[in-house]
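Under the working numbering, the first residue of the sequence shown carries the number 1, and numbering increases by one thereafter.
See below for the structure under consideration.
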Amino acid sequence: MSAEVTAKVLARMVENKPFRTQVAKDPDAALGRLDLTDEERTLLADTAKEGIDKLLTDGETTGASEKLARYLGSAKLGLSREVKAELNKAVVERLARKRGLAIGHVL
Numbered sequence: 001m002s003a004e005v006t007a008k009v010l011a012r013m014v015e016n017k018p019f020r021t022q023v024a025k026d027p028d029a030a031l032g033r034l035d036l037t038d039e040e041r042t043l044l045a046d047t048a049k050e051g052i053d054k055l056l057t058d059g060e061t062t063g064a065s066e067k068l069a070r071y072l073g074s075a076k077l078g079l080s081r082e083v084k085a086e087l088n089k090a091v092v093e094r095l096a097r098k099r100g101l102a103i104g105h106v107l
């Protein structure tokens, strides 16, 4: 289930700049004990180094962002509903902040 862990780490990277910076600068420390393959660790670290916003652009992504998007896209069917929701929420909130939109929760 390392695709689930990868998606959770990505959600945290989207929401948490200090964590994202740590993944970029010292992936071994940031991702050390997590159940990730070497490929997943590399994808996450390279995406953090490349800039998380590149992954969220509307146009075509390239490089690490493209590879991570393809990987998670192919694993999407295997992700739990909770992890999909967590990742979607993180992305929506990040995009809203970048565009200066108010973020709130409606009951």
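The C-beta atom is built at its ideal place from N, Cα and C for all residues, glycine as well.
Query                                                                                                                                        : Result
Go ahead and pull the three-state DSSP assignment for glutamate 15.                                                                          : helix
Apart from the five residues just before and just after alanine 48, which ones in its own chain have a Cβ nearer than 7 angstroms to its Cβ? : Met13, Arg20, Val23 and Ala24
Assuming arginine 81 is part of the alpha helix (DSSP H), what are its boundary residues?                                                    : 81 to 98
Compute the Euclidean distance between the alpha carbons of asparagine 16 and arginine 81, then round it to the nearest angstrom.            : 22 angstroms
From alanine 29 to glutamate 93, what distance separates their C-alpha atoms?                                                                : 26 angstroms
Quick one: give me the first and last residue of the alpha helix (DSSP H) that aspartate 28 is part of.                                      : 27 to 31
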